[in-house]
Every structure is written in C-alpha cells, then in structure tokens.
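Per our numbering, the very first residue in the sequence shown carries number 36; after that it's consecutive.
Scroll down for the structure; my scribbles are underneath it.
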Amino acid sequence: MNSNSPIAAAHPGKPPHSRRSERSNGLHGPLEPRMSTECRPSAASSTAPIEMSSPLTKRRIDRIDEPARPLGAKRAALQIRRQRTTRSAARLPAKDDANHENERSLISKDNAVAFNLRATALGLLIERTQSQLVGARLVQTMVFTDVDSFDRWCASEPIRFEDPVLYDQLRREGHEALGGKR
Numbered sequence: 036m037n038s039n040s041p042i043a044a045a046h047p048g049k050p051p052h053s054r055r056s057e058r059s060n061g062l063h064g065p066l067e068p069r070m071s072t073e074c075r076p077s078a079a080s081s082t083a084p085i086e087m088s089s090p091l092t093k094r095r096i097d098r099i100d101e102p103a104r105p106l107g108a109k110r111a112a113l114q115i116r117r118q119r120t121t122r123s124a125a126r127l128p129a130k131d132d133a134n135h136e137n138e139r140s141l142i143s144k145d146n147a148v149a150f151n152l153r154a155t156a157l158g159l160l161i162e163r164t165q166s167q168l169v170g171a172r173l174v175q176t177m178v179f180t181d182v183d184s185f186d187r188w189c190a191s192e193p194i195r196f197e198d199p200v201l202y203d204q205l206r207r208e209g210h211e212a213l214g215g216k217r
C-alpha cells in the first residue's frame, strides 16, 4: 500500500499491510514452508477428553426409523378384499362351451391383457380386456370385417412389443377366423 493512501492517512503510526495474511506467510514470515509434514499433536488433544454417553442411554429413534403402525380394521379388510379379487381375476373364467363354440381366449403371461376372439356373421369380434392389480379394468370390443383392417389394428397393438408370442398367436387366430391366408 502506498503511504499516501487514505487508509494510511487515517491510521498514522500503523504499518501498511500487504494483501497476504499472516497465516499464509506463516508465523515466522514467508521463509517457513506453507505445509508441514511433521506430526504434531492437534490443539483438540490437549483439551479435556471427550465424554462418552453411557451405553445404557437409549438412542432417540426418528419417526421414519420406527416400525410401521398397524393398519386399521377398515384398511386391513380392504387390502384382504383386493388380494382376493386379484387372485380370482388371475384365474381363467369358466366359459360356457355350448354358447361359444368358436370362441378362442388368449391371455398374457402376467394376466394383464386377455383377448377373446369370436367369428360372427358380421366378421371377427375381438374383446380386449386390460386389467390392473388394483383399480379399473378396461374392456374394448371391436369387429373386423376384413383382413386389412385387422392387420392395421394389429400393427398398433401395444402387446406386439410386450408379449411377441401372444401377438403372433393373436394374428394367426384372427387370420384363421377371417379366412385370410397370410
């Protein structure tokens, strides 16, 4: 710093400081190395020893670490009812063979999607049922009069990627029912 600076004028008698702090220069000036490899006892070791808590005191458990509370009676009954419905939905429904002689059912491995194919006087009737473990069940019913419209629908069917074996069965059965040779 310049001795003509306003800070030097405001504090007469104090030597001007450089930008470097005492710590970076070391205690004895800039000749001492900045980092020491010597093992010196730390300042904390000279203080009183750390007090350990007695092993008999119980650690305070956070709420997130506590075991879950038991379910209420209504919630437990609802869970049991949902489990029963998912088990019964996973089973194949019994079909009346006298009414639906030419009906064919195809079901995915995880029972999430089922197709019922039936040849009718109008064409091929396909009932696509998509079910979830818990929640709604989506049922779509379509009638195809020709092979081209059936092929267009098959090309956009998501099961094509999710379960290719089921998709091939669906196409084969549909072409058979429509009388198409592909």
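Even glycine gets a Cβ: it sits at the ideal position worked out from N, Cα and C.
The structure presented is a predicted model; accordingly, all values stated were derived computationally and were not measured.
What three-state label does DSSP hand residue i in the structure shown?
i      : result
Ala112 : helix
Leu201 : helix
Arg207 : helix
Ala212 : helix
Val169 : coil
Ile194 : helix
Ile161 : strand
Ser184 : helix
Ile99  : helix
Arg117 : helix
When we look at the beta-carbon of residue i and count the other beta-carbons within 10 Å, is it buried (16 or more) or exposed?
i      : result
Asp198 : buried
Gly170 : exposed
Ile96  : exposed
Val148 : buried
Ile194 : buried
Arg187 : exposed
Arg94  : exposed
Arg116 : exposed
Arg98  : exposed
Between the Cα of residue i and those of the options, spot the shortest distance and give me the residue it belongs to.
i      : options                           : result
Asp145 : Gln165, Met177, Phe185 and Leu152 : Gln165
Ser143 : Glu192, Arg207, Tyr202 and Ala103 : Tyr202
Leu168 : Leu106, Phe185, Gln118 and Ala154 : Gln118
Can you check DSSP and say which residues form a bridge with residue i?
i      : result
Ser140 : Asn151
Query raised in the report: Counting Cβ pairs closer than 8 Å, one from the region 201–214 and one from the region 149–160, do we hit at least three?
Result: A contact is defined here as three or more CB-CB pairs under 8 Å, and the region 201–214 meets this definition with respect to the region 149–160.
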